[in-house]
Amino acid sequence: MLDIKFVRENPDAVKENIKKKFQDEKLPLVDEVIQLDAMARAAITEASELRAQRNALSKEVGKLMGQAKKDPSKLAEAEEVKAKVKAQADRLSELEAQEAELNEKLRSIMLRIPQMIDPSVPIGPDDS
1 MLDIKFVREN PDAVKENIKK KFQDEKLPLV DEVIQLDAMA RAAITEASEL RAQRNALSKE
61 VGKLMGQAKK DPSKLAEAEE VKAKVKAQAD RLSELEAQEA ELNEKLRSIM LRIPQMIDPS
121 VPIGPDDS
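Numbering-wise, the UniProt record's numbering puts 17 at position 17 of the sequence shown, and it's gapless, one number per residue.
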């Protein structure tokens, strides 16, 4: 299986390799891999940002709960922040499921893309 980074950085070389192997029906797979990879990377980025926000909000909840012991009016504010954390947790689980699904599709397609031909190998439809 080719490295996804190689496919992402060299889609034309991968397509040319597929043509040299006379497997033109696999050409659309390269574009599909690049598209799925972009979607998976976007999901990973969004999930990382949500985790960072969740961690910051969780710290804020802790502070507010500590302040609520002295000032009961802070309790409502703490509950609002808790609700935000819950909403982010729900979105995060959606993103993680989406990421897993995209990675599985990506792996499945990547397994169908042929390996790169060594430059010393002559081009032809068979071994002759």
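No residue lacks a Cβ here, since even glycine has one placed at the ideal position from N, Cα and C.
Do L106 and A40 have their C-beta atoms within less than 8 Å of each other?
Cβ distance < 8 Å, so L106 and A40 count as in contact.
Would you report the Cα separation of T45 and I109, rounded to the nearest angstrom?
The straight-line gap from Cα to Cα measures roughly 22 Å.
Just to confirm, are R54 and A89 a CB contact at a threshold of 8 Å?
Yes, they are a contact pair.
Taking contact to mean 3 or more Cβ pairs, one atom from each stretch, closer than 8 Å, check whether the stretch 12-21 and the stretch 111-125 are in contact.
With a cut-off of 8 Å, the stretch 111-125 and the stretch 12-21 count as touching, because enough Cβ pairs lie within range.
Check whether the stretch 6-16 touches the stretch 71-87, counting contact only when three or more Cβ pairs, one atom from each stretch, lie closer than 8 Å.
Short answer: they don't touch.
Taking the CB atoms as reference points, tell me whether I123 and L2 lie closer together than 8 Å.
Not a contact, by the Cβ cut-off of 8 Å.
Following the continuous alpha helix (DSSP H) through N10, name the residue where it begins and the one where it ends.
Unbroken run through N10: none, as it is neither H nor E.
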